[in-house]
Each structure stands twice: as C-alpha cells, then as structure tokens.
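Undergrad: Here it is: the structure, laid out below.
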Amino acid sequence: MSRAKRFGIAAGTLLLAAGCAEDAPQDTWKPAGENAQDIHDLQWPVFLTAGIVGVLVIVVLISVFIRFRDRGQPIPEQIHGKPALEITLTAIPAVIMAVIAGFTVPAVMALAETDDTECVVNLTGQQWWWEYDYPVSEDGTICGVAPTSAEASPIITSGQLVIPTGTKVLVRGTSRDVIHSFWIPRLNGKKDIVPGRVHYLRLEADEPGIYAGQCTEFCGLSHSNMRMEAVALEPADFQRWLDNELEPYAAPAADTAAAEGETLFIQQCARCHQVNGLVDDKGNDDPADDAIVVSAPDEFVWSGAAPNLTNLMTRNTFAGATWDLLTENCRDDVWNATPAEFGAKYLEGVTAECLNEVDLREWLRDAPAKKPMYADPEELEATDGKFRGMPYLALSENQIDVLLAYLIERK
Amino acid sequence: MAIIERPTPALTTPAPVVVTAESSYGVFRRPVHSTGWRSWVFTIDHKKLGIMYGVTAMFFFLLGGVEALLIRAQLAGPDGTILSADKYNQMFTMHATTMIFLFVMPMVAGFANYLLPLQIGARDVAFPRINAFGFWTLLFAGIFLNTSWFLGGAPDGGWFMYAPNSSVPFSPSNGVDFWALGLQIAGLASLTGALNLIVTVINMRAPGMSLMKMPIFTWMALVVQFLLVFAIPVITVALFLLMFQRSFDATFFSVEAGADPLLWQHLFWIFGHPEVYILVLPSFGIVSEVLPVFSRKPLFGYPFVVFSGAAIGFVGWGVWAHHMFASGLGPISVAVFSISTMAIAIPTGVKIINWTLTMWGGKLKFTTAMLFAIGLIIEFTIGGLSGVTHSVAPSDTQQTDTYYIVAHFHYVLFGGAIMGFFAGLYYWWPKIFGKMLDERLGKWNFWLMVIGMNLTFGPMHIVGLQGQPRRMYQHTEARNGEGFFNIGFWNLIASVGAFIIAIGVLLFLINVYKSHRKGTPPAPLDPWDARSLEWMTTNPPKEHNFDQIPTVHALDEFFHRKYEDRGTEDHHDYHQVATAEDVIAEQEANADAHIHMPSPSYWPFVVAFSLPIMGYGILYSTMLIIVGGAIALLGLFGWALEPSTAIESDYDPPPPDGPVSTEVVVSG
Amino acid sequence: MFTTGSKLLIGSSVIASVAAALYGVTQKGTLGTIGLVSAAVALVFLAAINVYVRDSNVSAMDPDAHATAPAARPAPSPSLWPLASGLGATMVAVGVVTFPAITILGLIVLLAATAEWLVQAWSERASADPAYNATVRERIAHPLELPIMGAIGIAVIIYSISRVMLGLPSKTGAVVAFVVLAALVLLVGTLTSVRRRLSTGTIAGVCSIALVAVIASGAAYGLNGERTTHHHETTGAIAEDGDCGADETEADENASQNVAAKSNVAATITLTADEQLTYTVPGFDGGGFADLTLPRSTSNNVLFRNDSEEHRRLSIDTAGATAAEDKRVVCSALVEEGGVQLLTVRFDKPSFAAENPYQFTVPGVDGAVLPVVVP
C-alpha cells in the first residue's frame with residue numbers, strides 16, 4: 019500500500035528528525051537551549067501519539083477494506099448505530115486531548131516567564147533586516163558584562179544577534195513598518211514583531227555557535243531575503259566582542275584607498291548608514307571645521323533606518339543576513355567550528371583574504387537588482403519619494419574598490 | 092409618452108379589452124427559452140445553476156492549479172528564477188484566493204444547489220432568481236479579481252492580507268484593491284446563496300421529511316450555510332475597513348495614528364477559521380452519502396454525525412486565535428485557544444470513527460467514488476493529526492508559517508475538500524448528466540491524484556520541520572542542509588508530485604470528454620443502488636425534479652422503497668422488492684397535475700453585472716460608479732416589476748402546455 | 003421590434019454616450035463629461051422605459067387593436083402635473099433673475115412633474131379599465147415615488163428640527179425644548195391611541211399642523227442663523243498650540259482618563275505619589291536600567307499614568323533641540339489622579355546626534371525627569 023508506506027516515511031521522519039547530524043540549520047527538532055528544549059520535550063510525545071493514532075486508524079481501515087470487501091455476500095445487516103460504542107469511541111480522543119492539554123498549559127506559562135532575565139536586547143524589524151540594540155544597565159554593564167576599558171554606551175548592530183552562552187536573554191521587539199516574525203528555531207519558537215507594540219521572546223543558548231533564523235511573517239517583496247542569526251559566545255568571548263564594539267573609531271591612514279573610501283562613504287553612504295565616530299573634515303586640516311557625521315535615513319528610506327556599519331566586518335553576513343561576507347571556505351570554517359574553537363574564529367571577523375567580494379561588489383553595484391526592494395525611483399509616489407531599501411547608487415568600479423578598502427577596516 | 096400618434100377612427104361602441112399592459116413589454120419581454128445559450132444565461136433552474144457553479148469552479152480550479160504548478164516549478168530547485176519575487180507573491184496570494192473563494196466555495200455552492208432541492212424532494216430553491224443572482228455575482232467577482240493580472244499586478248499580500256503590509260505604501264499596485272472589492276462582491280454571492288438554501292431546507296422539505304430524516308449531505312450543507320451567514324459579514328467588515336484604508340485614506344491600520352494592526356488579524360481569523368469548516372464540511376457530507384451506498388449499510392450513528400457536524404460548526408467560532416499563537420497575545424489567551432482547538436479534534440474524530448464503523452460489516456464495492464471517499468478518510472486523518480500537533484501552542488510557535496502548516500492544511504483541504512468533491516462528482520455524474528464516467532480512467536485518476544498529493548504535501552512536513560518558512564520565493568542551498576532530510580531534495584519531490592496531481596486532474600477532464608462523446612450509452616437509472624431521494628427521479632432529472640413530490644417515511648427513503656424487511660423483531664433481513672425503474676414508474680403514474688415552475692429572467696444577470704462595474708469605478712473613475720449604479724437601479728426595477736412566472740404573451744408562439752396555473756408558488 | 007419613439011431615444015442616448023466619450027478623451031475638466039454621462043444615463047433610462055411601454059402606443063404592432071384600443075380614446079382625468087410643470091418652469095425663469103437655488107429647485111420640480119405626467123398619460127391608455135390603469139401606474143411609479151418622497155420628507159423634518167435646535171439661544175434650551183416636544187408627541191400619541199374614535203381626518207389634520215409648525219419654525223430659525231457654538235479643542239492640538247505646560251487648557255477638560263485596547267506598549271511611565279517618573283516595559287519591570295531605551299524612526303506608544311495628587315501631563319521634545327523654534331514637543335492631555343493616557347512619540351535622530359538629551363518631563367514638577375536613550 020503506497021499510502022501506508024508514505025505515512026511510514028512521514029512518521030519515521032518526525033521521529034528521526036531529532037537525531038540526524040547534517041540537518042538544515044533551521045531544524046526545529048534540534049534544540050540548543052532551554053526554551054527550545056522545553057518545546058521539544060512537549061512536542062515529541064505529541065508527535066509520537068499522533069503517529070501511533072494515525073497508524074492505528076490506517077491499519078484498522080485497511081483491515082476493514084480487506085475483510086469486508088464485496089465477495090458476493092448478502093446484503094449486510096442495516097445497523098444504524100450503537101450509542102454505547104459511539105460514546106466510548108468519542109471518549110478516547112477526548113481523554114488523549116485532555117492529557118495533552120494538561121502538559122501544554124504549564125509549558126505556555128513557563129515560556130512566557132520573564133522574571134529570570136539576565137540580559138536584555140532590543141530588537142527592531144524593518145523591511146528587510148533586523149536591528150539589535152544593547153541597552154546599558156544602571157551598573158554600567160551590557161548583558162551583565164562590564165566592558166574592560168571603555169565606558170559602556172549603547173551598542174547597535176544588525177543581522178547577527180550576539181549573545182553570551184548560558185545566559186537568559188530577553189529579546190524585546192518592535193517594528194518600523196509591517197509585521198515581521200523573529201525566529202531562531204534552535205533557541206525558541208517564533209514571535210511576531212508588530213509595529214506599535216513590543217513583544218518579547220526568551221532566548222538561551224547552551225553552546226557557542228551560529229544559530230540560523232528567518233523572518234516568518236510575510237513582510238512584502240523581499241520576505242525570503244530577511245534572515246537573521248543568533249551568535250552565541252562564551253562569556254569571556256562575549257566580553258571581547260563587547261570591548262571591540264566599544265572601541266573608538268579608527269580613521270584610515272591618509273592617502274590610502276581606504277581614506278578615499280572614507281570620503282566617498284561620507285558623500286554617498288553616510289546619508290543613511292551610520293558609522294559611529296566618523297568625522298567629516300570637509301577636505302581641510304582645520305579642526306574647527308570638522309563635523310561628526312550623522313546619518314538621516316528617515317529622509318531617504320520609508321522605514322527610517324539603515325544598518326549601522328561601524329563594525330560591519332565583525333559580522334559575517336550582510337543585507338538582512340542574506341549574503342555571506344565570508345568566502346565559502348572561510349564561512350564553513352566558522353559555521354562548522356567546534357564549540358571550543360568557535361569563539362576565536364568568529365571574533366576574527368572578516369579578513370581581507372576571506373572577504374566574499376563577489377556578492378558584496380554585486381550589492382554595491384546595484385542593490386535592488388540583487389535583493390528586490392521597490393527601488394524604482396519612478397514608483398515611489400506611495401512612499402513620499404522614499405525608498406524601501408537600498409537604492410541603485412550608480413557607483414563606478416573604482417568607487418566600489420575604494421569603498422571595499424574602507425569597509426574591510428570596519429571591525 | 093406617445094411620441095408618434097396614429098389617427099384613430101371614431102368609436103361607436105365601448106372597446107372590448109383586448110390589449111393589456113403585459114402584452115406591451117416589447118424587447119423587455121422576459122426570456123422563455125428552454126434551449127440554446129439563453130436557456131443557460133437567463134436560467135433560474137437550480138440544476139442548471141448548479142452545473143454552471145460546478146463548471147465555473149472547475150475553471151478556477153484549473154487556474155489555481157496552474158498557479159500552484161508555477162509556484163512548485165519555482166521552488167523545485169534552490170534559487171529558482173521562473174518567477175520574480177513580485178510575481179511569486181502575487182502567485183501564492185492568488186493561488187489561495189482562487190482555490191478558496193473561487194473553487195471550493197463555488198463547488199460547494201454547486202453541489203448544494205444541485206442536490207439540496209433533489210435531496211429534500213423540492214422542485215426548486217426558495218428564491219430561484221436570487222439563486223441566479225448569486226451565481227452571476229460570483230462569476231463576475233472571479234473575473235473582476237483576475238483582471239488585476241492585466242491591470243498593474245495581482246494582489247500580493249497573501250490571502251490573509253495582514254495589515255499594515257496591505258496598505259498603499261507597502262503594496263502600491265491596485266492588486267489589493269481588486270482583492271478587497273472582488274471578495275466583497277463574492278461575499279454577496281455567498282450570503283444570498285446561504286440565506287436562500289437555509290430557507291429552502293427549512294421550508295420546502297417533502298412531506299414526512301423531519302430534520303432527522305434529512306440526507307446527511309443536506310445536513311452538512313445546511314450547517315455550512317449557517318456558518319456562511321455569520322462568517323461572511325465579519326470578513327466584509329474587515330474588507331470594508333481595508334477598502335477605506337486604501338482608497339479613502341482612512342487610518343484603521345495606521346500605527347502612527349494609534350491603530351493596532353492586530354485588529355485585522357482578529358477580524359480575518361474570526362472569519363477565516365469558520366471558513367475552514369465551510370470548505371470541508373460539505374465534503375464530509377458527500378463522503379457520508381457515498382460510503383453507505385458502497386458499503387450497502389446505512390450511515391453508522393447518523394445522529395452522531397449530524398450533531399458532530401453542528402458541534403464543529405459551533406466550536407469553530409471559538410478557535411480563531413490558534414492562527415495567532417505567535418502574534419503575541421499573551422499566555423492566558425494562548426492557553427485558552429490551545430485548549431479550545433484541542434476540543435474541536437473530538438467531533439472531527441467522531442466522524443472518522445463513524446465512517447469506519449459504517450464500512451465495518453458492510454459489503455464494500457471499490458468504485459472510483461468509493462476510492463475517493465476512502466482517500467478522504469485517510470488523508471484527512473493525517474491532516475487532522477498534524478493539526479493536533481500544532482494545537483499544542485508552544486509546538487505551534489516552531490511550526491507556524493513553515494511548510495509544516497502548508498502540509499497540514501493541504502492534507503485537510505486537498506485530502507478533505509477536494510477528495511470529497513471528486514467522490515461526489517464520480518458518484519453523482521450519472522445523476523447530473525445521465526452518463527457514466529469511465530471507471531477504469533477514474534481509478535487512474537484516483538491513484539494519480541492520491542499519489543501525487545502525498546508526494547507533494549508529504550515532503551512538506553519534512554521541509555517544514557527542517558525550518559523552511561512559507562511564502563519565500565526562493566530557498567537557498569545554505570539553509571537546506573544535507574542528507575536524507577535535505578530541504579532541496581524534498582522540494583524537488585514535492586514539485587514532481589504537483590505535476591502528478593496535474594496529470595490526475597487532466598485524466599478527469601479526459602474522462603469527462605470520453606463519457607460525453609456521441610454514442611456513449613445513457614447511464615442506468617440507479618447505477619449504484621443508491622439510498623436517498625435524489626435518485627428517485629430520472630437521469631438527469633426533469634426540470635420540475637419529481638413528477639410526484641414523494642412522501643418520506645424513513646431516512647434512506649429510496650432504499651426502503653426498493654427493499655423490504657422480512658426479518659422478525661431484532662433480526663433484519665432485507666430483500667429487493669422493486670427496482671428503481673419500478674419506483675420511478677410509480678411516481679410518473681401518480682404525477683402531480685399542473686406542475687408549475689418559475690420562469691427565467693434577465694434581471695439577476697443585469698444586477699450582478701452592475702457590481703464589477705461599480706468595483707472598477709471605485710478604482711478608476713467615479714463615472715463608472717454612476718453607470719454601474721444606474722444599471723443596478725434599472726435591474727432592480729425590472730426585477731421588482733417582473734412576476735415570478737412568465738405570462739402567455741411572453742411566449743411566441745404561446746407556451747406549449749397551454750395556460751399556466753399557479754399551484755406551486757415560488758417567488759424570488 | 004423597436005418603436006419609432008424608442009428609436010429616437012436610443013439614437014439620442016448613443017449620441018450622448020459617444021459625445022461623452024469624445025469629450026472625456028479630448029477635453030480636460032470633468033464637469034462636461036459628468037453632464038454628458040448623466041445625459042446619456044438619463045436617456046438610456048428613458049429609452050428603456052419607452053421600449054418597455056412601446057411608445058405607450060399599445061396598438062402600434064396590432065392593427066386590429068388599433069380600432070378598439072382605449073389608447074384611441076381620450077382619457078381626460080384631473081391632473082396636478084400640468085400645474086406643477088408650469089410652476090417649475092416659472093421657478094426656473096424666476097431663479098435666473100433672482101437666486102440660482104430657485105432655478106435648481108424649479109428644474110427638479112419640472113423634471114419630477116414631467117415624469118409623473120408621462121407615466122400618468124401612458125397609464126391612462128393602458129386599458130379600458132380605469133382601476134386596472136391605476137394599478138399599472140402604481141406599479142411603475144410607486145417604487146420610485148415612495149422612497150424619494152419618504153427621503154424628502156425625512157430630510158425636511160430633520161433639517162427643520164436641526165435648524166431649530168441650532169437656532170435656540172443655548173444648548174440647554176435646545177435640550178429642554180426638545181424634551182418637552184418629545185413628551186408632547188408621546189402624550190398626543192398616547193391620547194390618540196386611547197381615544198380610538200378619532201377620525202383619520204382629525205389625526206391627519208393634527209399631523210399636518212405639526213408638520214407645518216416644524217417646517218415653519220425650521221424656516222424661521224434657519225433664516226435667523228445659528229447661535230454661536232463653542233468649538234472644543236482636541237487633545238492633539240495641545241502640542242501644536244505650544245500648550246504643553248502645567249496649566250489646564252480647554253482641550254484637557256474633555257480628555258479621556260482611560261485608554262482602551264492598548265497592550266504591549268513600549269513603556270508605561272508613572273508619575274509616582276512623591277512626584278518621580280518611573281517606568282515599566284513589557285517583558286521585565288525595567289529594573290536595572292535607569293534610562294528608557296526607545297528605537298528611532300518608529301511610532302512608540304507610551305502610556306502615562308498619574309499617581310500623584312495633582313493633574314499632570316507628560317511632555318517630551320522629540321527633536322532634542324536647544325532653540326525654541328526647532329523643538330518638536332509632544333505631550334499628553336492633563337491626566338487626573340489615577341488616570342492613564344496614551345502618547346505616541348517618534349524620534350528621528352539618535353541620542354548622540356541630538357543637541358539636548360531626550361527626556362520625558364512633567365511640566366510643573368521639577369524633579370520628574372525620565373531620560374530616554376535613542377540608540
């Protein structure tokens with residue numbers, strides 16, 4: 019019976035999914051932290067029960083087909099029903115469902131708890147990327163970690179959410195435009211991120227590593243290009259990451275390609291993309307003329323924000339975590355690193371040898387061609403002339419070269 | 092208003108009355124054709140309308156199917172390039188919208204329209220012209236909705252059209268407007284149809300047919316009509332808000348003006364969840380008709396099946412928020428809706444149990460119709476059980492908006508609704524068209540469809556649990572994983588399965604063509620040894636359905652007229668005492684005198700036609716609203732003035748059966 | 003099949019439609035198109051009716067009936083419509099030299115009277131049976147007459163009453179007057195129902211007098227003009243008018259003191275009994291964080307709860323500017339003790355780019371400051 023076979027495969031899938039080592043990075047059956055584990059502990063018995071009931075029903079049905087097929091027997095007895103039997107058979111599913119409900123309700127409550135929070139990260143979604151900011155607590159720590167040298171100030175990043183392992187993180191999210199959904203399957207279930215509201219989600223990772231995720235609420239044209247990753251680091255590594263984030267801006271050496279890139283960045287990119295500490299010297303040496311560069315994405319893009327690029331090369335994906343900043347080999351090296359080695363490899367960031375120039379160049383050449391973003395300047399009437407993502411900037415190859423030289427130093 | 096007067100001779104005697112107002116209707120004389128295209132376009136016969144509903148639904152089924160095939164072709168491999176992101180979003184929005192609103196709902200309306208009057212022993216529905224209006228409205232709504240493809244792009248917000256993504260800045264084309272207006276028009280069709288059928292079932296049952304002697308399909312269809320009456324107004328309110336948001340600058344979903352976008356979700360799913368039962372309950376009814384016939388036993392636990400259907404109808408209103416477990420409702424709401432969702436599994440389980448027990452001890456004949464019915468039981472069980480897994484809210488937060496959900500509801504809707512429809516089509520085809528569908532082709536059709544559907548939707552369980560979200564125009568190698576559970580491989584399998592389904596559907600069309608070629612013999616009167624009232628007339632039924640309105644003594648009246656119980660008290664022993672021919676001949680012999688049917692009419696068509704014109708008017712020009720309004724006014728005027736039956740002078744030459752009489756009063 | 007008259011009308015409507023289309027395509031401005039489309043719609047409607055009644059010439063297709071048809075006989079019966087048409091025409095003329103409103107009214111009267119005249123004339127030729135003719139007229143005319151007359155009647159009464167209500171010297175006076183009037187109507191109605199022997203004539207008489215009284219007083223008050231009404235400020239205007247101070251403005255008087263259907267706001271900010279600002283945010287109680295963090299470039303919904311003993315409002319400059327003219331202050335309405343109000347704030351610049359730090363303040367309370375960090 020092909021149907022039975024298919025069901026067998028499907029049921030087997032559900033049971034085996036937990037144990038397989040090479041599964042997709044968003045496998046929902048491979049919990050890597052307390053919250054996902056709670057869900058998993060609840061769901062596998064339910065899947066098992068459903069599987070058993072399914073097999074039972076199908077076996078009974080097949081036996082009925084065989085036993086009662088037309089073999090020329092006389093007209094069967096015209097039985098209209100047996101209430102006692104019916105009530106019994108109704109009670110069985112009712113009892114099963116009651117038991118499942120008995121386990122479900124406490125799990126729902128447990129997953130909504132927040133009073134054990136150890137680290138708060140604010141999350142803002144927009145078309146089509148995620149922004150994370152780390153508030154500074156009263157005692158000057160971020161996520162419970164005090165920076166070594168610099169004074170703590172709020173950190174803002176995008177794409178990859180860096181968290182310390184073994185820490186109960188609370189992500190508090192809101193949206194700048196439409197509804198998005200934040201989902202790191204190996205750490206917890208998903209939560210819709212709704213404009214005008216703040217929703218929160220617990221995350222906790224047991225081991226260092228990169229945990230992949232994807233926006234799961236349909237959010238328009240580039241919905242499938244809105245990804246995210248949670249990067250879990252040992253607390254000591256997290257401290258190093260934090261220190262690096264707080265380091266002051268290092269301007270490129272004069273007369274290098276990178277310095278040229280900085281000028282171009284200020285002219286073109288800084289309209290929307292903030293680089294903390296970036297100073298515009300207006301082409302002269304007079305310090306009185308210097309001005310801190312402040313981006314104003316609210317004037318150019320509909321959602322009013324663009325990723326902060328201060329430490330772009332510490333992250334290893336870009337454009338909504340959709341493309342890798344690392345070449346394939348370097349990427350695999352980091353993503354497949356053992357938990358012990360992972361921290362060091364991740365903190366290395368993107369080196370010049372490892373930079374995935376192909377995708378990054380394509381992106382700088384014509385971003386809307388790479389990621390659909392309603393960027394046709396002719397069709398921006400509905401958004402008051404604002405773009406819904408990065409527009410086409412008409413950069414020359416030479417300009418792209420110097421920009422890359424500048425960007426590779428951002429870490 | 093006599094513009095041209097003729098000279099009149101002087102009169103000597105008072106004139107006799109020879110001319111009446113009715114004789115001067117001119118070209119506005121009502122249509123009375125019983126053949127040719129006009130007999131279809133202006134018909135108000137529930138059977139012709141039922142067939143037209145069915146044909147329309149099948150057309151949109153093919154259209155929605157092509158959309159599905161394009162989606163599957165795009166997803167067959169990683170980084171598909173067949174569709175752009177924009178076209179892909181339009182495609183999945185229209186696939187769902189078409190399949191739900193333009194295929195399943197019209198198909199349900201078609202079956203209900205055709206069968207309800209026959210199953211309850213009536214000659215037509217209560218309001219035949221409203222019935223025609225409903226059909227044309229639906230057809231025009233469907234055409235209106237699909238013209239958006241050529242007018243700047245189809246709707247692209249998903250069939251759930253979550254706010255604020257449906258607002259103008261995020262969806263600047265007119266697609267969403269077409270969607271909101273088209274569904275409002277289609278809603279009008281559903282609402283009028285539902286009220287019509289409720290009145291019909293409640294008031295027009297044959298003598299002796301108490302509610303608990305009503306055929307089970309009629310029961311399920313009745314429950315569905317009540318669901319429609321309460322659900323359609325909710326979505327209409329939501330669509331109305333959306334229309335004002337987009338076309339008239341209202342701020343119902345604008346966060347900066349203080350709105351909460353979750354309002355849309357609540358409105359949509361309060362409609363959306365009962366809608367699921369609107370789609371699937373009629374097929375439960377069909378299967379509950381087919382299984383007893385081919386098991387040669389009555390439906391086991393008829394009252395349980397009836398009441399579980401009604402219970403599903405009621406509880407279905409209390410579970411909408413299980414579509415929103417990830418929406419941030421708070422743990423208390425989530426827990427409550429989680430439990431109510433589990434509760435609805437119980438009446439659904441009752442149905443599966445009753446169907447199994449109907450077959451238990453029977454004499455099973457595996458015709459194509461029976462195979463599809465069995466297919467429904469098995470596939471729906473799988474879909475129901477995967478449903479149980481996400482009634483567990485924490486588990487659902489991992490599965491919602493992934494392909495696991497896509498797998499679940501396709502098992503429920505393809506395995507439920509569509510399998511049921513095909514069971515019904517094979518079962519009632521001889522009744523409706525007087526020709527048998529070929530059984531050998533039918534079995535090929537069944538096996539291709541059932542294998543195709545399991546190949547398509549089975550792997551979606553895997554890719555969903557592997558973390559592939561829905562509504563993504565591409566999946567990439569990087570997130571696909573490797574080995575047995577590789578997302579890429581199972582997507583390919585699913586795409587292959589989709590094309591196998593397409594071949595199955597194609598075989599059905601070939602089967603239809605084959606059975607209607609010239610020279611195929613007419614179907615026997617009672618090919619399946621059926622049990623219910625609709626078989627107690629010719630194939631296809633006469634225009635007035637029954638020569639004599641039958642008096643009903645039992646559930647399965649037809650069976651009891653053919654078979655006699657010769658057993659003693661507790662022991663039943665049925666023997667055939669009459670053939671269908673005998674039963675129908677007896678009816679003919681005692682035919683009612685002066686059977687009188689309502690006449691065709693232009694007006695439902697005209698009024699329905701005005702609606703899409705007004706729809707285009709809202710999008711493009713106020714002028715068109717005025718024109719559409721004028722047409723509607725004219726149509727309603729004509730409708731109101733028109734007597735329900737054509738008078739003699741409408742016929743040219745006079746009607747064949749002499750003067751009309753008015754024994755049966757059917758108005759509309 | 004088509005009679006001569008309908009050919010004329012069908013031809014006219016085709017010409018009007020073509021003209022409308024041509025005009026619409028070639029000329030700018032919608033008024034001409036509206037006029038031509040309206041003409042086309044009206045002509046189509048007339049043509050349809052004319053086809054329906056076959057020029058009202060019942061015998062057009064039937065030579066035998068020609069000799070015997072009642073249409074051949076004069077059918078004089080008293081009619082109001084010539085008079086009404088004449089009145090309408092006169093009004094059109096008078097209006098041209100006096101007020102345009104009279105012209106429009108005259109046109110409406112003229113059109114209505116002509117339409118009624120046409121229907122009556124046709125119906126009287128329908129058959130030799132006057133009673134039957136009357137029902138024919140009703141079948142055609144009532145579906146239009148009744149709703150239009152009803153609508154006009156209701157509109158006149160509502161308009162008259164509204165004029166009186168707006169014309170009475172005070173709001174209270176209007177309320178009192180109409181309570182008395184309503185009581186009177188109830189009383190008369192009750193008496194009428196008790197005394198069943200009242201003739202229809204009497205009731206109609208009383209109703210007519212009442213109707214005339216309503217219309218007359220409506221006209222009188224309407225000409226007299228409305229009393230000066232007081233326009234209430236909305237709470238949204240407080241900030242625009244620069245009234246975000248400690249004093250009560252007029253808009254504050256009617257501000258709601260509770261908020262419906264708002265959950266998961268960005269923060270709930272409370273002015274405590276000892277006049278300090280504290281806050282809680284969803285997910286955790288805000289403990290450990292002195293400053294409130296709110297994202298830039300998005301609408302943040304904030305609830306303000308006042309637990310102090312004075313009426314207070316929450317205020318913030320979302321531009322973070324020093325110069326007064328650059329400030330973009332938003333504030334809630336004045337909140338009573340224990341009351342709650344919603345405030346939606348949006349910051350376009352991050353904190354480091356603002357000249358002044360962002361902070362929520364409570365006007366009139368010096369110590370109540372809640373710094374906001376916009377990363």
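Just so you know, the protein sequences line up as chains A, B and C, in that order.
Heads up: the first sequence is residues 19 to 429, going by the working numbering.
Heads up: the second sequence is residues 92 to 759, going by the working numbering.
Heads up: the third sequence is residues 3 to 377, going by the working numbering.
Beta carbons: idealized from backbone N, C-alpha and C, even for Gly.
Pull up the distance between the alpha-carbon of Leu353 (chain B) and that of Ile211 (chain A), whole angstroms please.
TA: Rounded to whole angstroms, Leu353 (chain B) to Ile211 (chain A) spans 11 Å at the Cα level.
Undergrad: For a test of the three-state rule: what should DSSP assign to Leu420 (chain B), helix, strand or coil?
TA: Of the three classes helix, strand and coil, the one that applies to Leu420 (chain B) here is coil, per DSSP.
Undergrad: Is there at least one Cβ from chain B nearer than 7 Å to Pro80 (chain C)'s Cβ?
TA: No - not a single Cβ of chain B is within 7 Å of the one on Pro80 (chain C).
Undergrad: Flag Val376 (chain C) as yes if its beta-carbon sits less than 7 Å from any beta-carbon of chain B, otherwise no.
TA: It does not; no Cβ of chain B falls within 7 Å.
Undergrad: Considering Cα atoms alone, identify which of B:Val314, B:Val325, B:Asp215, B:Gln489 is closest to Pro49 (chain A).
TA: The candidate whose alpha carbon is nearest that of Pro49 (chain A) is B:Gln489.
Undergrad: Should Thr184 (chain B) and Pro255 (chain B) be called a contact, given that it needs their Cβ atoms to be closer than 7 Å?
TA: No; because the gap between Cβ atoms is not below 7 Å, this pair is not in contact.
Undergrad: So what does DSSP say about Met182 (chain B), is it helix, strand or coil?
TA: Reduced to three states, the DSSP call for Met182 (chain B) is helix.
Undergrad: Under 8 Å by Cβ, that's how I've got Asp224 (chain A) and Ala128 (chain A) pegged, so tell me the actual separation to the nearest angstrom.
TA: Not quite, the Cβ-Cβ distance comes to about 17 Å (not below 8 Å), so this is no contact.
Undergrad: How about Met433 (chain B) and Ser482 (chain B): are their beta carbons less than 7 Å apart?
TA: Yes, these two residues count as a Cβ contact at 7 Å.
Undergrad: Please go through the same chain and pick out, in chain order, the residues whose beta-carbon is closer than 6 Å to the beta-carbon of Asp377 (chain A), but skip the five residues on each side of it.
TA: Result list for Asp377 (chain A): Trp341, in chain order.
Undergrad: Listing by chain order, which chain B residues have their CB less than 7 Å from the CB of Asn266 (chain C)?
TA: Simply Gly419.
Undergrad: Are the CB atoms of Leu528 (chain B) and Tyr518 (chain B) nearer to each other than 7 Å?
TA: Not a contact, by the Cβ cut-off of 7 Å.
Undergrad: Can you find at least 3 beta carbon pairs, one from the region 323 to 340 of chain C and one from the region 283 to 298 of chain C, that sit closer than 8 Å?
TA: Counting Cβ pairs under 8 Å, fewer than three are found: no touch.
Undergrad: Using a Cβ cut-off of 7 Å, pull out every chain B residue sitting near Val43 (chain C), in sequence order please.
TA: Result: Ile717, Val718, Ala721.
Undergrad: Given Val163 (chain A), which residues of its chain have a CB within under 8 Å of its CB, disregarding the five upstream and five downstream residues?
TA: Here the set comprises Pro182, Pro253, Phe256, Gln257, Leu260.
Undergrad: Please state if the CB of Pro521 (chain B) and the CB of Pro641 (chain B) are separated by a distance shorter than 7 Å.
TA: Their beta carbons are not under 7 Å apart, which means Pro641 (chain B) does not touch Pro521 (chain B) by this criterion.
Undergrad: My output table needs one value for Val138 (chain A): the three-state DSSP class, helix, strand or coil.
TA: If DSSP states are grouped into helix, strand and coil, Val138 (chain A) belongs with the strands.
Undergrad: Could you pull the start and end residues of the alpha helix (DSSP H) that Asp304 (chain A) belongs to?
TA: Neither: Asp304 (chain A) is in no alpha helix (DSSP H) and is coded neither H nor E.
Undergrad: Curious, which full-length alpha helix (DSSP H) runs of at least 4 residues does the region 244 to 282 of chain A contain?
TA: Here the runs fully enclosed are 253 to 264.
Undergrad: If contacts are defined as beta-carbon pairs under 8 Å, then Arg307 (chain C) and Thr272 (chain C) qualify, I think. What distance do you get, rounded to the angstrom?
TA: 5 Å between Cβ atoms; contact.
Undergrad: Please classify Leu302 (chain B) as buried or exposed, where buried requires at least 16 other C-beta atoms within 10 Å of its C-beta.
TA: With fewer than 16 Cβ atoms within 10 Å of its Cβ, Leu302 (chain B) is classed as exposed.
Undergrad: Could you pull out every residue in the same chain whose Cβ sits closer than 7 Å to the Cβ of Asn582 (chain B), ignoring the five residues on either side in sequence?
TA: The answer, listed in chain order, is Leu166, Ala167, Val554, His566.
Undergrad: Taking the beta carbon of Gly367 (chain A) as the centre, do at least 16 other beta carbons fall within 10 Å, making it buried, or is it exposed?
TA: The residue in question, Gly367 (chain A), is buried, as its Cβ has 16 or more Cβ neighbours within 10 Å.
Undergrad: If contact means a Cβ-Cβ distance below 8 Å, which residues of the region 343 to 356 of chain B contact chain E?
TA: In the structure shown, chain E does not exist; the protein chains are A, B and C.
Undergrad: Going by DSSP, name the residue or residues bridged to Gln361 (chain C).
TA: DSSP lists C:Pro373 as partners of Gln361 (chain C).
Undergrad: Between which two residues does the alpha helix (DSSP H) holding Phe637 (chain B) run?
TA: Note, Phe637 (chain B): premise wrong, no alpha helix (DSSP H); not H, not E.
Undergrad: Cutting at 7 Å between CB atoms, please list the residues of its own chain near Thr237 (chain C), excluding the five before and the five after it.
TA: So the qualifying residues of the chain are Ala253, Ala257, Ala335.
Undergrad: What residues in the region 176 to 203 of chain A bring their beta carbon closer than 9 Å to a beta carbon of chain C?
TA: If the cut-off is 9 Å between Cβ atoms, the region 176 to 203 of chain A has Leu188, Val189, Arg190, Thr192, Ser193, Arg194, Asp195 near chain C.
Undergrad: Mind checking which residues open and close the beta strand (DSSP E) that includes Trp147 (chain A)?
TA: Element bounds for Trp147 (chain A): 147 to 152.
Undergrad: Given this structure, state the Cα-to-Cα distance separating Tyr116 (chain B) from Trp119 (chain C), to the nearest angstrom.
TA: Low confidence applies to Tyr116 (chain B): its pLDDT is 47, below 50, so where it sits in the model is not reliable enough to give any reading.
Undergrad: Please state the DSSP three-state secondary structure of Gly225 (chain B).
TA: In the structure shown, Gly225 (chain B) sits in a helix (DSSP, three-state: H, G or I).
Undergrad: Tell me which same chain residues have a C-beta within less than 7 Å of the C-beta of Asp419 (chain A), skipping the five on either side of it?
TA: Excluding positions up to five away in sequence, the list reads Ala275.
Undergrad: For Gly278 (chain B), count neighbouring C-beta atoms within 10 Å of its own C-beta (all shown protein chains included) and say buried if the count is 16 or more, exposed if not.
TA: So Gly278 (chain B) ends up on the buried side.
Undergrad: Which whole-angstrom value describes the C-beta separation of Ser199 (chain A) and Glu235 (chain A), a residue pair presumed to lie in contact below a C-beta threshold of 8 Å?
TA: That pair is a contact at about 4 Å.
Undergrad: Mapping DSSP to helix, strand and coil, what is Phe336 (chain A)?
TA: Note: Phe336 (chain A) maps to strand in three-state DSSP.
Undergrad: Taking the alpha-carbon of Glu347 (chain B) as reference, which of A:Ser321, A:Val312, A:Ala42 has the nearest alpha-carbon?
TA: Among A:Ser321, A:Val312, A:Ala42, the Cα nearest to that of Glu347 (chain B) belongs to A:Ser321.
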